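Step one of this worksheet: look at the structure below.
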Amino acid sequence: MSAIVQEHTEDHAHDHGHHHKETFITKYIFSQDHKMIAKQYLITGLIMGFIGIGMSLLFRMQLAFPGESFLLFEWFLGDWAPDGVMDADIYLALVTIHGTIMVFFVLTAGLSGTFSNLLIPLQIGARDMASGFLNMISYWLFFISSVIMVSSIFIEAGPAAAGWTIYPPLSALPMAQPGSGLGMTLWLVSMAVFIASSLMGSLNYIVTVINLRTKGMSMTRLPLTIWAFFVTAIIGVISFPVLLSAALLLIMDRSFGTSFFLSDIFIQGEVLHYQGGSPVLFEHLFWFLGHPEVYIVLLPALGITSEVMSTNARKPIFGYRAMVASILAIAFLSTIVWGHHMFISGMNPFLGSVFTFTTLLIAIPSAVKAFNYITTLWKGNLQLNPAMLFSIGLVSTFITGGLTGIILGDSTLDINVHDTYFVVAHFHLVMGISALYGLFAGVYHWFPKMFGKMMNKNLGYVHFWVTAVCAYGVFFPMHFVGMAGVPRRYYENTAFPMFDELTDVQVLMTVFALIAGAAQLVFAYNFVHSIFYGRPAEQNPWKSNTLEWTAPVKHFHGNWEGEIPEVHRWAYDYSKTWDNGDYIIPGQDYVPQHIPLQENEEELQH
Amino acid sequence: MTIVLTIAVLVLVAIAIWQMTKIFELSQIKTDNSQIANDKDNKYNGYLLFGFLIFIYGITIFSFAKYSKFLLPEAASEHGGEYDLLMYISFVIIFIVQTITQALLHYFGYKYRGEKGKKALFYADNDKLEFIWTIIPVVVLAGLILWGLYTWTNIMDVNDEDDPLIVELYAQQFNWTARYGGEDNELGMANVRMIDINKANVLGLDESDPYASDDIITKELHLPVGRKVNFRFRSQDVLHSAYMPHFRAQMNCVPGMITEFSFTPTITTEEMRQNPEVIEKVKRTNKIRAERAALGQPNGDPWEFDYVLLCNKICGKSHYNMQMKIIVETEEEYQKWLEEQQTFGQTMASMN
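Note that the protein sequences, when read in sequence, are chains G and Y.
First residue of the first sequence? That's 1 in my numbering, and the numbers climb one at a time after it.
First residue of the second sequence? That's 1001 in my numbering, and the numbers climb one at a time after it.
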């Protein structure tokens, strides 16, 4: 096997011995270079992120000050906010598009798309992805789907508004709400294109990791980032097609009169012809993707954290094999827990029992990961760079958010907190905030690799600390709102006097949210400013072991001048010493992967 | 004018920040400009990590001190007690784990902050440790799973033992309707295809079904205390969810399908109003409402506690206001109320 790989990489090396003359279009727009595609993913994802976060600020203001008039609403929402008062339909639309954008466009494409593309070839020692062309198409399909999704915000009846889970019949019947007309059609088209993009990307990642590893890079020497991206891609390939089928059947129900998800409906004075379909079927199909999607979002963030934490702790990641096993266990279990979103959907209660069982099982590998991160910090020499802080922050929110999963995953306890703000608090902490921290950690850590410049660390610290405090400020009190029984997706809570006294909590959360939103502007400024005026980066600023730091700062298609480095050890030989306590390489507390084993050096831990 | 002012303020703030960063950068010239954390950064951020741990504990204590009183009052159903106990135990476990792990994480972040020349420990593996922290969650979770599943099976076992009251909850955009089985405690056949709005047959009951004629259709849900109620849920248009938080009960209403849930109310509305927690809550709430009334704002009328049924599945524009009052009362009060209601047969007859 390795012989074949070797031959292949040499062929490849030969291909790239001469540099093609690149035009502006082939270099910056229709680029097939994975590094450029990664940057395209990142910037598109960040722009989508600003739209998504902006929306959340708007509806948080509505929640804190129900029915009040804001100039901001009038500016952004126009006719949907007559006299500056947000309309109830547009509130639901904002919630829906916020969820869709954040989950799919930011945390799937923006996170996994960016870092899989950037790091897979660089860290396994490949010149590029297995298919640069497919990779390019993958990005451009993502771009098209983003454009469609964003354009749906501007149509007259408003964008999709049935919640990001788009449960039919609400999403299927234009007479049920205005957003279920053209807005929902555009949503479905956008998602269908997105799924195609995601599949092309994922297949490419899988093939690349399996086939294009450099000599010596066995699976057990892969950095945990690559393990995470690899397994994420596999889950994506398994589950995204199911969402596509759900979307296709929903399109059929909407446009061609079929009854896959609809039955016995009487709305606006007339009986519809639908007969025999079941909305519960849609829920199954949706969550068959929807739950693995949580891990598609989270695993790359955890992979990034593993790498960033180990590098900055100047210590090997604790329990490498356990980490890999946890990733695999989480991936496997993630595909058989989707029913915990449906305990009270009317599905057979026995199924609920099974899903409770599998769901609580998934807490075990998650717990192992959390403990291993903590132990990685123990007795380290922690370099508290912004990326490191975001990684520590990730572990913190992952634990806080993950623990409440024990309540939601328990079918009994789910009964009374299902679809309340308790759920909103839980998933925002465990997947939203955690994955965003992973994204930020990745950006701060690999910015030198991507743009050849350093980001400003002090602005990074401001960004982290304000965000970290505000994230807890928003989502910790939110648990209490949920346990007081406040349902999510309520335009305002004034219709229930029992929720009156919770308005103060809503105001507190909104204030934190607004400050957190402002902190992201610091990041945006730092990001853009550093691209142009940042301090030029050295080749290996973080003194890291992985292969991407052996490639020159200057980008060119092919990554390495001359031969691809050969790998001789795992990625985590930080602070490894001889028996007498001296570093393996004198004066240097890390041993990069391409350095051969020294005489008498023992290869440990894989 | 406000627009101009806002813009002016924003611009000024932006300039201020820009100037501040500039001054900051200028003052930094002598120190290294590598943008990589140095000992000073490690020190300050290490302290901040410790501070952050205190912040996490602080916000936890603050939230509990200030917001616990907002939580739902004691459960008003038979299974609710067990639900609350399981919830309580789960929370105890969660908070023990949360307190310990956050402490370790942030304390290590503070304690092992980097210093030039310090040597980290090459510590890559320890099977024993990893076994311990695999097996502890396994045991704890096994306990929770077993307990949870046992409770779940009991709650979800909707059967006809103990002569349950049969009630249908019918959902539509954006209101609820209740239907009682009537004399025979048996719901008549119904389907949306039989809805006849002109004849006020809004639930689509089969007029020829003898079981249907004594059914009683109401806009308020009255339940006798201490009697098991078997609910059947229907929806005529989109998904809804019947959420009765005070009873720890919830079930989705799915068009084309009948779903079920069952519970026994144990506390009447009157008794619940006398609950000290509820009295306090009503007092606080009415204070807020009185302030609103004084300012001439809406929703200022005084409130009296009532059980309530909410819609908890996004269902369209007025989802946020889809509710029905639930009244739990003594058997006699319930019977008296029931007698005042018209049966479906009577309604139909009056239409003809």
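Note that beta-carbon positions come from the ideal geometry of N, C-alpha and C, so glycine has one too.
Everything numeric in this text was worked out from a predicted model, so none of it was measured.
Within chain Y, partners of residue i - CB distance below 7 Å
i, result
"glycine 587 of chain G", "Simply none; closest approach about 11 Å."
"isoleucine 267 of chain G", "Asp1237"
"glutamine 177 of chain G", "Gly1316, Lys1317"
"phenylalanine 475 of chain G", "Those within 7 Å of phenylalanine 475 of chain G in chain Y number zero; the least Cβ separation is about 10 Å."
"alanine 322 of chain G", "Glu1130"
Under the three-state DSSP convention, the category residue i falls into
i, result
"tyrosine 1170 of chain Y", "strand"
"glutamate 283 of chain G", "helix"
"methionine 1194 of chain Y", "helix"
"lysine 453 of chain G", "strand"
"glutamine 1098 of chain Y", "helix"
"proline 1302 of chain Y", "coil"
"cysteine 1311 of chain Y", "strand"
"valine 1238 of chain Y", "coil"
"serine 1077 of chain Y", "strand"
"tyrosine 490 of chain G", "coil"
"tryptophan 608 of chain G", "Outside the displayed span of chain G (1 to 606) sits residue 608 of chain G, for which this structure offers no information."
"alanine 537 of chain G", "coil"
"valine 1254 of chain Y", "coil"
"valine 271 of chain G", "strand"
"tryptophan 1176 of chain Y", "strand"
"asparagine 1230 of chain Y", "strand"
"threonine 1218 of chain Y", "strand"
"methionine 123 of chain G", "It is glutamine, not methionine, that sits at residue 123 of chain G in the sequence shown. Glutamine 123 of chain G falls in the helix class under three-state DSSP."
"tyrosine 1088 of chain Y", "helix"
"tyrosine 1112 of chain Y", "coil"
"tyrosine 574 of chain G", "strand"
Check whether residue i and residue j have beta carbons under 7 Å apart
i, j, result
"glycine 277 of chain G", "serine 259 of chain G", "yes"
"aspartate 1237 of chain Y", "isoleucine 267 of chain G", "yes"
"alanine 425 of chain G", "histidine 340 of chain G", "no"
"alanine 1076 of chain Y", "histidine 1246 of chain Y", "yes"
"methionine 509 of chain G", "valine 469 of chain G", "no"
"proline 365 of chain G", "alanine 329 of chain G", "yes"
"leucine 429 of chain G", "glycine 401 of chain G", "yes"
"glutamate 501 of chain G", "arginine 1284 of chain Y", "yes"
"valine 308 of chain G", "histidine 463 of chain G", "no"
"lysine 1116 of chain Y", "asparagine 381 of chain G", "no"
"alanine 162 of chain G", "serine 152 of chain G", "no"
"glutamate 1333 of chain Y", "arginine 1232 of chain Y", "no"
Contact set for residue i: own chain, Cβ-Cβ below 7 Å, skip 5 residues either direction
i, result
"serine 202 of chain G", "Ala233, Gly236, Val237"
"glutamate 603 of chain G", "Arg569, Leu597"
"histidine 12 of chain G", "In this prediction, histidine 12 of chain G scores a pLDDT of 46, lower than 50, which makes its location untrustworthy; no coordinate-derived value is stated."
"glycine 432 of chain G", "Met102"
Interface partners of residue i on chain G, CB under 7 Å
i, result
"alanine 1037 of chain Y", "Gln383, Leu384, Asn385, Lys457"
"proline 1137 of chain Y", "Ala363, Ile364, Ala367"
"proline 1245 of chain Y", "Asn416, Gly485"
Neighbouring residues, chain G, relative to residue i (Cβ below 9 Å)
i, result
"proline 1164 of chain Y", "Correct list: empty, because the minimum Cβ distance to chain G is about 17 Å."
"tyrosine 1180 of chain Y", "Going along chain G, no residue has its Cβ under 9 Å from tyrosine 1180 of chain Y, so there is no contact; the nearest lies around 22 Å."
Same chain only: Cβ atoms within 6 Å of residue i, ignoring 5 sequence neighbours per side
i, result
"glycine 110 of chain G", "Gly45"
"asparagine 540 of chain G", "Trp549"
"serine 56 of chain G", "His98"
"alanine 571 of chain G", "Pro223, Asn545, Thr546, Gln593"
"serine 138 of chain G", "Ser197, Met200, Gly201"
"valine 5 of chain G", "Because valine 5 of chain G carries a pLDDT of 43, less than 50, the predicted location of this residue cannot be relied on, and the following value inherits that uncertainty. Cβ within range, chain order: n/a, list empty."
Contact list for residue i against chain Y, beta-carbon separation under 8 Å
i, result
"phenylalanine 480 of chain G", "Ser1063, Tyr1067, Ser1068, Phe1070, Leu1071"
"proline 223 of chain G", "What proline 223 of chain G touches in chain Y: nothing, since even the nearest Cβ is about 14 Å away."
"phenylalanine 422 of chain G", "Residues of chain Y passing the Cβ test: none, with the nearest at roughly 11 Å."
"glutamate 492 of chain G", "Tyr1320"
"threonine 404 of chain G", "Ile1094"
Residues that residue i contacts on chain G, provided the C-beta gap is smaller than 8 Å
i, result
"methionine 1251 of chain Y", "Ile344, Gly346"
"alanine 1120 of chain Y", "Ala313, Arg314, Lys315, Lys379, Gly380, Asn381, Tyr574, Ser575, Asp589"
Cutoff 8 Å; reference residue i; Cβ partners in own chain excluding five residues on either side
i, result
"isoleucine 155 of chain G", "Leu182, Gly183, Leu186"
Inter-stretch contact at 8 Å, needing at least 3 Cβ pairs: the stretch 1281-1289 of chain Y / the stretch 304-320 of chain G: No, they do not touch.
Contact between the stretch 1215-1231 of chain Y and the stretch 1174-1183 of chain Y (3+ Cβ pairs under 8 Å): Of all C-beta pairs linking the stretch 1215-1231 of chain Y to the stretch 1174-1183 of chain Y, three or more are shorter than 8 Å, placing the two stretches in contact.
Touching by the beta-carbon criterion (3+ pairs, under 8 Å), the stretch 1297-1306 of chain Y and the stretch 1104-1121 of chain Y: With the cut-off at 8 Å, the stretch 1297-1306 of chain Y and the stretch 1104-1121 of chain Y do not touch.
Three-pair Cβ contact test at 8 Å for the stretch 113-125 of chain G versus the stretch 35-45 of chain G: Yes: at least three Cβ pairs fall under 8 Å.
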